[in-house]
Amino acid sequence: MNMSEKSKAHVDACRFCWMCHHICPIGNATGHERSTPRARALGISMVNRGAIELEEIMDNIYECGGCGGCVRECVTGWDPVMFTKETRLEAALEDKLPSYINTMVDNCLESGNAYGKTALCARLSEAIAKHAAVTDTLLYLGVDARYMACEQAVKAISVLEKAGVAFTVLADELPTGAQLDFLIGAAEETKEQMAAAAKVMDGYKTVIFYDPADAKTVKQTYGAYGVETAAKTVTYTSVLADLVKAGKLAGKSGKTVVYQDPFQLARDLEETEEAREVISAFATLHELHLNRVETVWAGNILMAQYIPDVMKKVAQRRLFNVKSIGEKAIVTASVSEYVSLKSVEQNEVEILSLEDLILGE
Ligand code: SF4
Ligand code: SF4
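Dropping the structure here:
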């Protein structure tokens, strides 16, 4: 397989190492050694050495959620996310993607989202229409909120309205490229999608990203891929924290909650306190044992399309973390984790988004 020398070195470092296998939320959910970073590296190294075909490891390559738990744990600085993404790119270039991934890539290219959705729910269309006028500030909802959790997208708009913010929302919002980056990494198609979105962002002074996956992609991956936007790019959570500080958002829920740090905010963008400031204004905040940069991913919507049972187990394990310290409510800042946690049938832990907490819903 065509792979950079840098990635090959990381693969060879990881293939006989067990040091982070206990960290991987996927490995812990499946209970399978094959799901861990070490086993993924072993598979790639066997392809690199011609012992097996690339197609044989691709299901395993798509089990990684890219959460970076292993990268953070690694005391020697190796990076399984990097070589996993490079393997996805190479499989795309060699036309060796699994069919279920090919379908999602085609959907991303044809309809802008991996789910192949084209219509928004009626309530979201109405909410967006009220913010069609051009302002200095663009609220970017992201494909997961728009197509898979439209009630949360409506609430994200309602919170900014409640705080008196003037902002624009686009009815035909372009994808940031975050999903294509997850599916096929730094392919030309991914960069083209990113460049098209960046051009739209250039028309605004500030762009607020509701979805941490989009925030991470635009604030971090765009630069790595040579894509630029002139707009100031900010996370939704940081905007909410500023609004709380300015006295524009206030209230008391009477709830006691823990916070689920999205890995994109906590590990990639090093943003951990903003959401806590917001939560503390509306509720009593307790902490999970593994919090901030040590957060444990609670699953996502995209991977639930092809490994739904594993995603449910990932969410169940995070809910177990909440229950095991006697807590009764968890607040999310990632719409994808919110949906993942909600997919578990249970009634012991209340699952709230930041918007739910602020709007009292
Ligand atoms: S990332 Fe580090 S700890 Fe994990 S398998 Fe690789 S070398 Fe070992
Ligand atoms: S990035 Fe996350 S899901 Fe992927 S191997 Fe590392 S810990 Fe597991």
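Residue numbering for the sequence shown follows our numbering, beginning at 17 and increasing consecutively. Positions of the beta carbon are idealized from the N, C-alpha and C atoms, including for glycine.
- Fewer than three beta-carbon pairs drawn from the stretch 112-126 and the stretch 339-355 are found closer than 8 Å, and the two stretches are therefore not classed as touching.
- Ranked by how close their Cα comes to the Cα of VAL27, the residues CYS40, THR46, ILE39, VAL63 have VAL63 in first place.
- Beta-bridge partners of HIS302 (DSSP): VAL274.
- Sorting ALA143, PRO53, GLU364, ALA202 by C-alpha distance to the C-alpha of PRO41 places PRO53 at the top.
- Under the criterion of beta carbons closer than 8 Å, LEU190 and ALA161 do not qualify as touching, at roughly 14 Å.
- Inclusion of LEU155 and TYR226 in the CB contact set at 8 Å is warranted, their separation being smaller than that value.
- Under the three-state reduction of DSSP, THR103 is assigned to helix.
- Look at LEU373 here: in three-state DSSP terms it is helix.
- Annotation: the stretch 100-169 contains the following complete segments of the beta strand (DSSP E) (minimum length 3 residues), in chain order: 153-156.
- Taking each of ILE144, THR192, GLU167 in turn and checking the Cα distance to GLY158, the smallest one comes out for THR192.
- Counting only the Cα atoms, VAL309 lies some 14 Å from VAL91.
- Here GLU371 is buried: its Cβ has 16 or more other Cβ atoms, across all protein chains shown, within 10 Å.
- Looking only at GLU303, GLU286, LYS261, the smallest Cα-Cα distance to TYR275 is reached by GLU303.
- Sorting ALA291, LEU306, GLN195 by C-alpha distance to the C-alpha of LYS261 places ALA291 at the top.
- LEU285 has its alpha-carbon roughly 17 Å from the corresponding atom of TYR241.
- According to DSSP, PHE279 shares a beta bridge with no other residue.
- When the beta-carbon positions are compared, LYS328 and SER369 stay at least 8 Å from each other.
- Non-local beta-carbon contacts of SER352 in its own chain, meaning distances under 6 Å to residues more than five positions away in sequence, involve ASP160, ASN316, ILE317 in chain order.
- Proximity to THR245 across THR253, MET164, ASP218, ALA67 peaks at ASP218, based on C-alpha coordinates.
- The residue from ILE374, GLU377, LEU375, VAL326 with its alpha-carbon nearest to that of LEU357 is VAL326.
- The beta carbon of ASN123 sits closer than 8 Å to the beta carbons of ASN129, ALA130, TYR131, GLY132 from its chain, once the five residues preceding and following it are set aside; these are given in chain order.
- Near ligand 2, residues with a Cβ at less than 6 Å from any of the ligand's heavy atoms are ILE39, CYS40, PRO41, ILE42, PRO53, CYS80, GLY81, GLY82, CYS83, GLY84, GLY85, CYS86, PRO96, VAL97; the list follows chain order.
- The three-state reading of DSSP puts VAL365 in coil, since its state is none of H, G, I, E or B.
- If you look at PHE183, you'll find it isn't in any beta strand (DSSP E); DSSP assigns it neither H nor E.
- Placement of the Cβ of TRP313 at a distance of 7 Å or more from every heavy atom of ligand 1 is found.
- Residue pairing of LYS248 in beta bridges, as defined by DSSP: THR222.
- A heavy atom of ligand 1 is found nearer than 7 Å to the CB of THR92.
- In this structure, ligand 1 has no non-hydrogen atom nearer than 7 Å to the beta-carbon of GLU364.
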